[in-house]
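S.K.: Residue numbers (this note's numbering): 14 to 253.
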Ligand code: SF4
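1. Pull up the DSSP beta-bridge partners for residue 187, would you.
2. When the Cα of residue 170 is compared with those of 194, 211, 155, which residue comes out closest?
3. Measuring alpha carbon to alpha carbon, tell me which of 86, 117, 64 ends up nearest residue 25.
4. Return helix, strand or coil for residue 15, following the three-state DSSP convention.
5. For the ligand SF4, is there any heavy atom lying closer than 7 Å to the beta carbon of residue 185?
6. My understanding is that residue 60 touches residue 85, with C-beta atoms under 8 Å, so please give their C-beta distance in whole angstroms.
7. Verify whether the separation of the beta carbon atoms of residue 120 and residue 215 is less than 8 Å.
8. Nearest by alpha-carbon distance to residue 174: which of 251, 89, 241, 46 is it?
9. What residues does the ligand SF4 have around it, judged by CB closer than 5 Å to any heavy atom, in chain order?
10. Would you identify the three-state DSSP class for residue 13, choosing helix, strand or coil?
11. Can you tell me which residues form a DSSP beta bridge with residue 215?
12. Would you list, in sequence order, the uninterrupted beta strand (DSSP E) runs of no fewer than 3 residues that lie entirely inside the region 61-124?
13. According to DSSP, residue 8 sits in a beta bridge with which residue or residues?
14. Can you check whether the CB of residue 250 is closer than 8 Å to the CB of residue 211?
15. Going straight from the alpha carbon of residue 161 to that of residue 39, what length do you get?
16. Which residues in the same chain have their Cβ closer than 7 Å to the Cβ of residue 82, if we skip the five residues on either side of it in sequence?
17. Note the first and the last residue of the continuous beta strand (DSSP E) segment covering residue 249.
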């Protein structure tokens, strides 16, 4: 095992069984093992149908649904059902393709380790710059037509934006939330902001329209951070 502190990656680069005492088969404990259609139809595995959107077990398996996928069943503690007490796979020779293809040779990212120089402000600045480099002022976006907008609001207490949308198949409501401590929207402001994504306004007009409507000066950096989050959550989509 090697730690690359600069890249913040942990490499388990020896043979799997040699590394097992260190990694404790984390790969079999924390991720879903999604199955191909052939694997589902083979009847070899105990599986559960899950909602692709919510990642929870499907509550109406009798319904036709495009959002359904299948994964290996898990134990109550979240471990793969086939993981033995000895942290070894009990169906090793018959394990699904996802498991056979899995490798640690590129290392595991230590997501929780933050270098001191990566302050939250630096991180936000870089994210805003990355988004700004990809977006242009004349681009137009619309509210995602595949989401029925149920409710989007700003929680000043938690400093986060919360969107509750209904999926097109009306199977479930999906809640997305993301922290947004950069600007405290009122409910009216956020609703008015989202209304500006009508497919006619380009990004420049959304920003200037919002500022003019509320006599504000929402900085471009904050604007791009917000656009980035709305895009990543699928609340707005690129129109043309
Ligand atoms: S099938 Fe085997 S290798 Fe795959 S996750 Fe389960 S225990 Fe691990």
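Backbone N, C-alpha and C fix where the C-beta goes; we use that ideal spot for every residue, glycine too.
M.R.: In short, the structure shows the following:
1. For the purposes of this step, residue 187 is taken as the residue at position 174 of the chain shown. According to DSSP, which records beta bridges pairwise, residue 187 is partnered with 178.
2. In the chain shown, residue 170 corresponds to position 157, counting from 1. Minimum Cα distance to residue 170 is reached at 194.
3. On the chain shown, position 12 is the one that residue 25 refers to. Measuring from the Cα of residue 25, the nearest candidate turns out to be 117.
4. As a working note, residue 15 is residue 2 in the chain shown. Strand.
5. Your numbering for residue 185 matches position 172 in the chain shown. No - the ligand SF4 has no heavy atom lying nearer than 7 Å to the Cβ of residue 185.
6. Counted from its first residue, the chain shown places residue 60 at position 47. Counted from its first residue, the chain shown places residue 85 at position 72. Contact holds; Cβ gap of about 6 Å.
7. Numbered from 1 along the chain shown, position 107 holds the residue referred to as residue 120. Numbered from 1 along the chain shown, position 202 holds the residue referred to as residue 215. For residue 120 and residue 215, no; Cβs fall outside 8 Å.
8. Position 161 of the chain shown holds residue 174. Nearest option by C-alpha distance: 241.
9. 41, 46, 93, 95, 96, 102, 108, 112
10. The chain is shown only over 14 to 253; residue 13 falls outside these bounds and no answer can be derived.
11. For the purposes of this step, residue 215 is taken as residue 202 along the chain shown, with counting starting at 1. Answer is 153, bridged to residue 215.
12. 81-85
13. The structure shown does not extend to residue 8, since the chain is modelled only from 14 through 253, so no value can be given for it.
14. The residue you call residue 211 lines up with position 198 of the chain shown. The residue you call residue 250 lines up with position 237 of the chain shown. The answer is no: Cβ separation not under 8 Å.
15. Taking the first residue of the chain shown as position 1, residue 161 is located at position 148. Taking the first residue of the chain shown as position 1, residue 39 is located at position 26. C-alpha separation (whole angstroms): 38 Å.
16. Along the chain shown, one-based indexing puts residue 82 at 69. So the list reads 47, 63, 65, once near-sequence residues are dropped.
17. The sequence position of residue 249 within the chain shown is 236, counting from 1. Taken as a continuous stretch (DSSP letters only), the beta strand (DSSP E) holding residue 249 covers 249-251.
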